[in-house]
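Protein chains in written order, with numbering that gives the first Met the number 0: chain A, 0 to 158; chain B, 0 to 158; chain C, 0 to 82; chain D, 0 to 82.
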Amino acid sequence: MIRIQQEDFDVGKELKGLVRGKHGIGGLCSFVGLVRDMADGERIGAMTLEHYPAMTEKAVEKIEADARARWPLKASLIIHRYGTLEPGDQIVLVITAAAHRQDAFEACHFLIDWLKTQAPFWKREETDSGPQWVAARDSDDRAAERWAQDRTDRDKVRG
Amino acid sequence: MIRIQQEDFDVGKELKGLVRGKHGIGGLCSFVGLVRDMADGERIGAMTLEHYPAMTEKAVEKIEADARARWPLKASLIIHRYGTLEPGDQIVLVITAAAHRQDAFEACHFLIDWLKTQAPFWKREETDSGPQWVAARDSDDRAAERWAQDRTDRDKVRG
Amino acid sequence: MKLLYFAWIRERIGIAEEEISPPVSVRTVTDLLDWLKQRGRGYEQALADLSIVRVAVNQDYAKLDHPVAPDDEVALFPPVTGG
Amino acid sequence: MKLLYFAWIRERIGIAEEEISPPVSVRTVTDLLDWLKQRGRGYEQALADLSIVRVAVNQDYAKLDHPVAPDDEVALFPPVTGG
Numbered sequence: 000m001i002r003i004q005q006e007d008f009d010v011g012k013e014l015k016g017l018v019r020g021k022h023g024i025g026g027l028c029s030f031v032g033l034v035r036d037m038a039d040g041e042r043i044g045a046m047t048l049e050h051y052p053a054m055t056e057k058a059v060e061k062i063e064a065d066a067r068a069r070w071p072l073k074a075s076l077i078i079h080r081y082g083t084l085e086p087g088d089q090i091v092l093v094i095t096a097a098a099h100r101q102d103a104f105e106a107c108h109f110l111i112d113w114l115k116t117q118a119p120f121w122k123r124e125e126t127d128s129g130p131q132w133v134a135a136r137d138s139d140d141r142a143a144e145r146w147a148q149d150r151t152d153r154d155k156v157r158g
Numbered sequence: 000m001i002r003i004q005q006e007d008f009d010v011g012k013e014l015k016g017l018v019r020g021k022h023g024i025g026g027l028c029s030f031v032g033l034v035r036d037m038a039d040g041e042r043i044g045a046m047t048l049e050h051y052p053a054m055t056e057k058a059v060e061k062i063e064a065d066a067r068a069r070w071p072l073k074a075s076l077i078i079h080r081y082g083t084l085e086p087g088d089q090i091v092l093v094i095t096a097a098a099h100r101q102d103a104f105e106a107c108h109f110l111i112d113w114l115k116t117q118a119p120f121w122k123r124e125e126t127d128s129g130p131q132w133v134a135a136r137d138s139d140d141r142a143a144e145r146w147a148q149d150r151t152d153r154d155k156v157r158g
Numbered sequence: 000m001k002l003l004y005f006a007w008i009r010e011r012i013g014i015a016e017e018e019i020s021p022p023v024s025v026r027t028v029t030d031l032l033d034w035l036k037q038r039g040r041g042y043e044q045a046l047a048d049l050s051i052v053r054v055a056v057n058q059d060y061a062k063l064d065h066p067v068a069p070d071d072e073v074a075l076f077p078p079v080t081g082g
Numbered sequence: 000m001k002l003l004y005f006a007w008i009r010e011r012i013g014i015a016e017e018e019i020s021p022p023v024s025v026r027t028v029t030d031l032l033d034w035l036k037q038r039g040r041g042y043e044q045a046l047a048d049l050s051i052v053r054v055a056v057n058q059d060y061a062k063l064d065h066p067v068a069p070d071d072e073v074a075l076f077p078p079v080t081g082g
């Protein structure tokens with residue numbers, strides 16, 4: 000399940016809603032991305048998240064489908080916000096539920112790594128020298144590539 | 000912060016409480032372990048978690064300290080329940096907060112892997128053929144050993 | 000063809016979207032980008048370094064050799080920074 | 000010396016804890032386990048396979064060669080299954 004929205008979300012409520020009525024769940028992993036109030040010792044102001052609505056839904060749904068094809072998940076949820084956000088605000092939520100914790104962890108980690116590099120959102124931060132577009136980080140690309148590598152390794156093992 | 004308790008916990012409330020007043024948090028990872036209602040196609044009944052109170056606190060505190068020495072965490076919380084639990088009930092909660100998601104994920108995963116193999120709790124399940132002590136799983140040992148291996152690799156890299 | 004621009008590419012070009020009718024010789028994403036660059040200083044600046052320009056054709060990521068057609072929706076944007 | 004038993008080790012031995020005074024020759028965890036096994040059928044059954052017995056001395060995991068002293072709290076239990 001995915002939701003692209005301007006409003007905030009309640010993680011506790013989403014967790015409860017996601018497992019309700021489902022069977023065989025042994026592990027529930029969640030990740031919340033927050034607007035940091037400090038980075039490298041400097042205060043960060045508000046930020047605005049621009050997105051490409053027609054593509055966002057499609058891209059995020061595809062990312063979720065990829066995760067569900069790769070790991071035996073009992074349930075999953077992705078919420079991504081857009082609009083203006085203040086330091087400390089929640090940006091993104093990923094929840095994965097599986098029989099075993101390893102699957103829940105890996106799928107959750109994969110989802111956030113892929114959202115970072117695939118979902119069409121752009122952050123613009125307010126700084127002392129005016130608004131500034133956040134640059135994409137190489138470390139995010141490497142984090143996402145790791146999963147492609149993993150798949151290759153697995154496929155090799157599986158012959 | 001750690002809590003060993005019989006009562007249930009509210010994940011949403013714990014997440015909010017943990018980040019309140021803290022600075023520089025960019026990622027919040029949480030894991031909830033639940034009593035499964037089904038396993039290998041069979042219904043599971045209630046379970047009882049026995050523990051060794053004097054050692055539990057000490058062991059869990061040590062596990063948390065290990066994680067905080069290894070990853071730059073802004074906050075962490077471990078709650079582990081004991082006593083009788085029904086299918087679907089929450090057993091354990093691990094939350095980690097860090098500036099970057101990678102640290103939050105790794106520390107959270109490490110913590111639950113180590114709790115599984117180090118914290119003195121024993122599960123007894125009600126089954127159709129009477130109560131039965133759950134056997135430790137080799138896969139849990141391997142999951143925990145992976146982190147020891149990781150450390151060795153890192154130390155090598157660091158010279 | 001409908002073009003959409005996002006983030007600093009939108010700011011440099013100065014508009015968020017436009018309808019264009021490129022010549023028939025524009026058959027791929029590369030052709031389109033080359034043609035756009037001729038349209039003015041804003042386009043030229045926005046598309047100067049293609050290593051930081053991403054392209055989606057009909058809401059799917061597309062490579063430089065991907066074909067483009069008159070009814071397509073083509074979006075140009077910097078590497079994404081959500082999550 | 001205070002001994003504590005947990006899970007099926009507790010059930011096989013039949014008690015959760017006891018105060019014992021082993022002979023002075025009992026200097027290590029191994030000595031203690033060997034001495035306990037002589038104390039009756041329950042102990043013998045509980046400690047038959049030491050590969051599935053874990054030991055803590057004063058609430059810390061201890062190996063078989065770890066020393067034990069009269070004031071210690073020694074706990075015997077199966078591999079843990081929490082989390």
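We put the CB at the ideal spot given by N, CA and C, even for glycine.
Chain-order list of residues whose beta-carbon lies under 8 Å from that of residue i (same chain, five-residue window excluded)
| i | result |
| --- | --- |
| B:Lys-21 | Lys-73, Ala-74 and Ala-96 |
| B:Cys-107 | Cys-28, Ser-29, Phe-30, Val-93, Ile-94 and Thr-95 |
| A:Gly-158 | For A:Gly-158, the predicted model reports a pLDDT of 33, less than 50, meaning its position is unreliable and no value from the coordinates is stated. |
| B:Asp-137 | none |
| B:Leu-14 | Leu-27, Ser-29 and Ile-94 |
Nonlocal neighbours in the same chain, by C-beta distance under 7 Å from residue i, ignoring five residues either side
| i | result |
| --- | --- |
| D:Gln-44 | Arg-11 |
| C:Gly-41 | Arg-11, Ile-12 and Gly-13 |
| B:Arg-2 | Ile-78 |
| A:Asp-140 | Thr-116 |
| B:Asp-149 | none |
| A:Ala-103 | Gly-26, Leu-27, Cys-28, Thr-95, Ala-96 and Ala-97 |
| C:Pro-66 | Arg-26 and Thr-27 |
| D:Leu-46 | Leu-32, Leu-35, Lys-36 and Val-52 |
Interface flag, residue i vs chain A, CB-CB below 8 Å
| i | result |
| --- | --- |
| C:Val-79 | yes |
| B:Ser-75 | no |
| C:Gly-82 | yes |
| B:Phe-104 | yes |
| B:Ala-66 | no |
| B:Phe-30 | yes |
| B:Val-156 | Because the pLDDT at B:Val-156 is just 42, under 50, the model does not fix this residue reliably, and the value given afterwards should be weighed accordingly. Not an interface residue. |
| C:Leu-3 | yes |
| C:Ala-74 | yes |
| B:Asp-36 | yes |
| C:Ala-61 | no |
Contacts around residue i, its chain only, beta-carbon distance under 6 Å, and the 5 residues preceding and following it disregarded
| i | result |
| --- | --- |
| C:Leu-3 | Glu-16 and Ala-74 |
| A:Ile-24 | Val-18, Lys-73 and Ala-96 |
| D:Glu-72 | Lys-1 and Asn-57 |
Proximity of residue i and residue j at Cβ, strictly below 8 Å
| i | j | result |
| --- | --- | --- |
| A:Gly-44 | A:Glu-125 | yes |
| D:Val-79 | B:Ala-135 | yes |
| D:Pro-84 | D:Ile-8 | Nothing can be reported for residue 84 of chain D: it is not among the residues displayed for chain D, which extend from 0 to 82. |
| C:Leu-32 | C:Pro-21 | no |
| A:Met-46 | A:Arg-123 | yes |
| D:Thr-27 | D:Leu-49 | no |
| D:Ala-6 | B:Glu-49 | yes |
| B:Ala-66 | B:Phe-8 | no |
| D:Gly-81 | B:Leu-76 | no |
| A:Ile-90 | A:Arg-80 | yes |
| B:Ala-64 | B:Asp-112 | no |
Residue i at chain B interface by Cβ criterion, 8 Å
| i | result |
| --- | --- |
| A:Ser-128 | no |
| A:Ile-111 | yes |
| D:Gln-58 | yes |
| A:Gln-117 | no |
| A:Lys-12 | yes |
| D:Ala-55 | yes |
| A:Met-46 | no |
| D:Trp-34 | no |
Residues sharing a beta bridge with residue i, DSSP
| i | result |
| --- | --- |
| B:Cys-28 | A:Phe-30 and B:Thr-95 |
| B:Ser-75 | B:Thr-95 |
| A:Thr-83 | A:Thr-47 |
| A:Gln-4 | A:Arg-80 |
| C:Lys-1 | C:Glu-18 and C:Glu-72 |
| C:Pro-77 | Answer is none; C:Pro-77 lacks a bridge partner. |
| B:Met-37 | B:Arg-42 |
Within-8 Å CB hit, residue i to chain D
| i | result |
| --- | --- |
| B:His-79 | yes |
| B:Leu-114 | yes |
| B:Trp-146 | no |
| B:Met-0 | no |
Residue-level contact to chain C via CB, residue i, 8 Å cutoff
| i | result |
| --- | --- |
| A:Pro-71 | no |
Between the segment 33-47 of chain B and the segment 113-120 of chain A, do three or more beta carbon pairs fall short of 8 Å?
no
Touching by the beta-carbon criterion (3+ pairs, under 8 Å), the segment 29-39 of chain D and the segment 80-97 of chain B:
no
Take every Cβ of the segment 50-68 of chain B, pair it with every Cβ of the segment 42-60 of chain D, and state whether three or more of those distances are shorter than 8 Å.
yes
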